[in-house]
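Residue numbers (the working numbering): 8 to 444. As C-alpha cells, the structure follows; a few thoughts come after it.
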Ligand code: 5AD
Ligand code: SF4
C-alpha cells in the first residue's frame, strides 16, 4: 500500500532546503509526497522561531492536526527544526499537543528514518531527540529530494557565531560549522550534471565560511569555474565580513550573479551597536558604493523596525539609509523579542509605534522598488526561465541576473532555458516583457 508524507515548511531558504532533505529521507523509506494533508501517513512540521509571527502560525497549524489524528489512528506527527531546539520548547509542545509522536532538534534531523521505523511499529510512542551540543558534527549522509525546479540549494555552512542581540539563530542552530570544499564542489558538479541551471550557496553568514585554510572567496571562485552555463547565487552575507575580494570575484565571473543580499537591519549607529552588528552606517554605505561598481547589480536587504529604545531619530536614520542605497527590494520586519536573547531583556517599544514605523518603511521601500523597476524599461535582460506564471495566460517567468522576476509570453518548453527578454512594462517589483527572437 502507498504511504504518503506531507511537509509544512516555515521560515527561510535554509529551512526550505532542509525540507528537501526530510523528503529525501522519507522517500528512502518508501513514502511519497501528497499535497492533500488528509491523505498523509506522516505530517512533518519543519519549524522556524526567528520571529513570533512564525511561531504563532506554527502553533495554530499544529493544533489543527488533532482532527486528522482522530480520523487516522496510524498518523505520525513530527515536529523538527529551530522551534524544537529552543530551551524547554519540546516539553511545552508535547504538553500542549500530546498527539505529537516525534520532536527532533536541528542537528538531529538525520535520525528521522530510524525513529520513523520505530513509530511505524508502534505509533503510541513518543520520541524526543534534541542535541544540546552546539558544535555537533555535520551529518553528510542525508539525501535531498529537490523540488525547486531550475535552482538547487547547497549548504556550505551551518550555524552562526555572530550573536546579534535580537536573534535566536545562534542558540537554536549552534556554532558555525563549514562543510569541506570537496563535498560542496562535488555536490555542485553533480547538480549541474543533473541539469540544474542555478545554484544558490547557503549559510547563515556565508562570508565567514572557514574550512582549514579555505575561505568563502575560494568556494565561490571554484564553484564559478565549473564547466557549463549556469548561475551562481549565495546568501546570506554579513556586512562586517563581505569584502573587496568577493566583489572582485563576482566581477570577474560571468557565472556569478550581480545580486547581493546584504542585510543592514538599521541605519542608526546607536542601534547597530546595540544590535552587536559590528559595523557603522558609514562603513555599510562605503561597501554599497563598492558593490554598485558591479554592472546592473541588484542589492537587497533585511531591515528591522522597533528594536528596543529605537527613537524617532534612529528610525529617520534607517529611512535615510534606505533612500541612499535604493535597494532593489527588501524584507522588512517588526522586531519581536526572542526568549533568551540580550535584546529581549531590554525595554520594549509600544506595538503602536512599531506598526507606524513598519508602514512608513514599507511605503518608502515600495516606492523605491517601483522606481528601480522603471529603470529596466527598454533594456534587454537575460532571464533564466523558472516556471509558468499561472496568473497570466500562456506566460512564463524567470529572473534577471540581478534577481528581478520577469513575466513574458511563452510555454513550459522554455523552462530551464536562458532567454533575452526586452522589458516593456513594470508593476512595483514585477517586470514584464517580450522575448527577443
Ligand atoms: N525580530 C524581528 N526580525 C528578526 N530577524 C531576526 N531576528 C528577529 C527578531 N527577533 C530578521 C533579521 C534577519 C532576518 C532573517 O530576520 O532581519 O536578517
Ligand atoms: Fe542572526 Fe545575526 Fe547570525 Fe544573522 S548574523 S543569523 S541575524 S545572529
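Ideal Cβ positions, reconstructed from N, Cα and C, are used throughout, including at glycine. These numbers come from a predicted model, not from an experiment.
Residues in its own chain within less than 6 Å of residue 279 by CB, not counting five upstream and five downstream? On the chain shown, residue 279 is found 272 positions in, with the first residue counted as 1. Only 273 meet the Cβ criterion.
When the Cα atoms are used, what is the spatial distance from residue 94 to residue 416? Within the chain shown, the letter at position 87 stands for residue 94. Within the chain shown, the letter at position 409 stands for residue 416. Annotation: residue 94 to residue 416 spans about 51 Å, alpha carbon to alpha carbon.
Got a sec, what are the start and stop residues for the beta strand (DSSP E) residue 429 sits in? Here residue 429 is taken as the residue at index 422 of the chain shown, counted from 1. First-last of the beta strand (DSSP E) with residue 429: 425 to 434.
What is the rounded straight-line gap between the Cα of residue 453 and the Cα of residue 234? No answer is possible for residue 453: the residues shown for the chain start at 8 and end at 444.
Taking residue 270 and residue 309 to be in contact with their CB atoms under 8 Å, please state how far apart those CB atoms are, rounded to whole angstroms. Taking the first residue of the chain shown as position 1, residue 270 is located at position 263. Taking the first residue of the chain shown as position 1, residue 309 is located at position 302. Rounded, the Cβ-Cβ distance is 4 Å, consistent with contact.
Length at least 3, wholly inside the region 88 to 147: the beta strand (DSSP E) runs in chain order: Qualifying beta strand (DSSP E) stretches, in chain order: 109 to 111, 134 to 136.
Classification of residue 440 by the beta-carbon crowding that lies within 10 angstroms, buried from 16 upward: Taking the chain shown and counting its residues from 1, one reaches residue 440 at position 433. Buried.
Does DSSP classify residue 251 as helix, strand or coil? Your numbering for residue 251 matches position 244 in the chain shown. Note: residue 251 maps to helix in three-state DSSP.
Is any heavy atom of the ligand SF4 found at a distance shorter than 7 Å from the C-beta of residue 322? Sequence index remark: in the chain shown, residue 322 carries index 315 (1-based). Checking the Cβ of residue 322 against the ligand SF4 gives no.
Tell me whether residue 19 counts as near the ligand 5AD, meaning its Cβ is closer than 7 Å to at least one heavy atom of that ligand. As a position in the chain shown, residue 19 is number 12, starting the count at 1. Checking every heavy atom of the ligand 5AD against the Cβ of residue 19, one is found closer than 7 Å.
So if DSSP puts residue 222 in a beta bridge, which residue, or which two residues, is it bridged to? Mapped onto the chain shown, residue 222 falls at position 215. Answer is 217, bridged to residue 222.
Following a CB-centred definition, is residue 176 positioned closer than 7 Å to any heavy atom of the ligand SF4? Taking the chain shown and counting its residues from 1, one reaches residue 176 at position 169. Checking the 7 Å criterion, the Cβ of residue 176 is within range of a heavy atom belonging to the ligand SF4.
Which of the three DSSP states is assigned to residue 338 in this structure? Counting from one through the chain shown, the residue named residue 338 turns up at place 331. It is a strand residue.
So residue 53 packs on residue 22, CB below 8 Å; how close in whole Å? Your numbering for residue 53 matches position 46 in the chain shown. Your numbering for residue 22 matches position 15 in the chain shown. The pair is a contact, with the Cβ atoms about 6 Å apart (cut-off 8 Å).
So, helix, strand or coil for residue 415, using DSSP? The count along the chain shown starts at 1 and reaches residue 415 at position 408. Reduced to three states, the DSSP call for residue 415 is strand.
Could you compute how far the alpha carbon of residue 370 sits from the alpha carbon of residue 380? One-based indexing of the chain shown puts residue 370 at position 363. One-based indexing of the chain shown puts residue 380 at position 373. Approximately 15 Å, taken between the alpha carbons.
Which residue wins for smallest C-alpha separation from residue 283, given the options 263, 171, 242? As a first step, residue 283 is located in the chain shown; it is residue number 276 there, counting from the start. Out of 263, 171, 242, 171 has the C-alpha closest to the C-alpha of residue 283.
Expressed to the nearest angstrom, what Euclidean distance is found between the alpha-carbon atoms of residue 80 and residue 55? Here residue 80 is taken as the residue at index 73 of the chain shown, counted from 1. Here residue 55 is taken as the residue at index 48 of the chain shown, counted from 1. Rounded to the nearest angstrom, the two C-alpha atoms are 27 Å apart.
Should residue 259 go down as buried or exposed, given a rule of 16 or more other Cβ atoms within 10 Å for buried? Locating residue 259 in the chain shown gives position 252, counting from the first residue. Residue 259 comes out exposed.
Is there contact here, the region 280 to 299 with the region 168 to 182, by at least three beta-carbon pairs under 8 Å? In short, these stretches touch, since the Cβ pair count reaches three.
Is it right to say residue 70 is buried, meaning 16 or more other beta carbons lie within 10 angstroms of its own, or is it exposed? Position 63 of the chain shown, counted from the start, is the residue given in the question as residue 70. Within a 10 Å sphere around the beta-carbon of residue 70 sit fewer than 16 other beta-carbons, which makes this residue exposed.
Alpha-carbon to alpha-carbon, residue 312 and residue 444: For the purposes of this step, residue 444 is taken as residue 437 along the chain shown, with counting starting at 1. For the purposes of this step, residue 312 is taken as residue 305 along the chain shown, with counting starting at 1. Their Cα atoms are separated by approximately 46 Å.
How far does the alpha helix (DSSP H) with residue 179 in it reach, from first residue to last? Within the chain shown, numbered from 1, the residue matching residue 179 stands at position 172. Per DSSP, residue 179 is one residue of the alpha helix (DSSP H) stretching across 176 to 180.
Can you say whether residue 372 is buried or exposed, counting buried as having 16 or more other CB atoms within 10 angstroms of its CB? The count along the chain shown starts at 1 and reaches residue 372 at position 365. That one is buried.
Reduced DSSP secondary structure (H/G/I, E/B, other) of residue 377: Taking the chain shown and counting its residues from 1, the one referred to as residue 377 is at position 370. Assignment of residue 377 by DSSP, reduced to helix, strand and coil, places it in the helix class.
Pairwise C-alpha distance: residue 190 and residue 252: Counting from 1 along the chain shown, the entry for residue 252 is found at position 245. Counting from 1 along the chain shown, the entry for residue 190 is found at position 183. Each residue's alpha carbon lies about 23 Å from the other.
If residue 28 and residue 151 are in contact, beta carbons under 8 Å, what's the gap, nearest whole angstrom? For the purposes of this step, residue 28 is taken as the residue at position 21 of the chain shown. For the purposes of this step, residue 151 is taken as the residue at position 144 of the chain shown. Right, the Cβ-Cβ distance comes to about 5 Å (below 8 Å), so this counts as a contact.
Compute every distance between the C-beta of residue 343 and the non-hydrogen atoms of the ligand 5AD, then say whether any falls below 7 Å. Numbered from 1 along the chain shown, position 336 holds the residue referred to as residue 343. Distances taken from the Cβ of residue 343 to the heavy atoms of the ligand 5AD include one shorter than 7 Å.
DSSP three-state label for residue 356, please. Working through the chain shown from its first residue, we reach residue 356 at position 349. Looking at residue 356 - three-state DSSP - the assignment turns out to be coil, as it is neither helix nor strand.
What's the C-alpha gap between residue 179 and residue 60? Within the chain shown, numbered from 1, the residue matching residue 179 stands at position 172. Within the chain shown, numbered from 1, the residue matching residue 60 stands at position 53. When rounded, the distance between both Cα atoms is 17 Å.
For residue 359 and residue 340, I'd like the C-alpha separation in whole angstroms. Translated into positions along the chain shown, residue 359 becomes position 352. Translated into positions along the chain shown, residue 340 becomes position 333. A direct Cα-to-Cα measurement between residue 359 and residue 340 gives close to 14 Å.
Who are residue 305's beta bridge partners in DSSP? Against the chain shown, residue 305 aligns to sequence position 298. Beta-bridge pairing links residue 305 to 266.
Buried or exposed for residue 408, going by 16 or more other Cβ atoms inside 10 Å? For the purposes of this step, residue 408 is taken as residue 401 along the chain shown, with counting starting at 1. That one is buried.
Starting from residue 66, trace the alpha helix (DSSP H) both ways and give me its first and last residue. The residue labelled residue 66 in the question sits at position 59 within the chain shown. Residue range 59 to 71 is occupied by the alpha helix (DSSP H) that includes residue 66.
Three-state secondary structure (DSSP) at residue 242? Walking along the chain shown from the start, residue 242 turns up at place 235. Shown here, residue 242 sits in a strand according to DSSP, grouped into three states.
Identify every residue that forms a DSSP beta bridge with residue 49. Locating residue 49 in the chain shown gives position 42, where the first residue counts as 1. Beta-bridge pairing links residue 49 to 12, 83.
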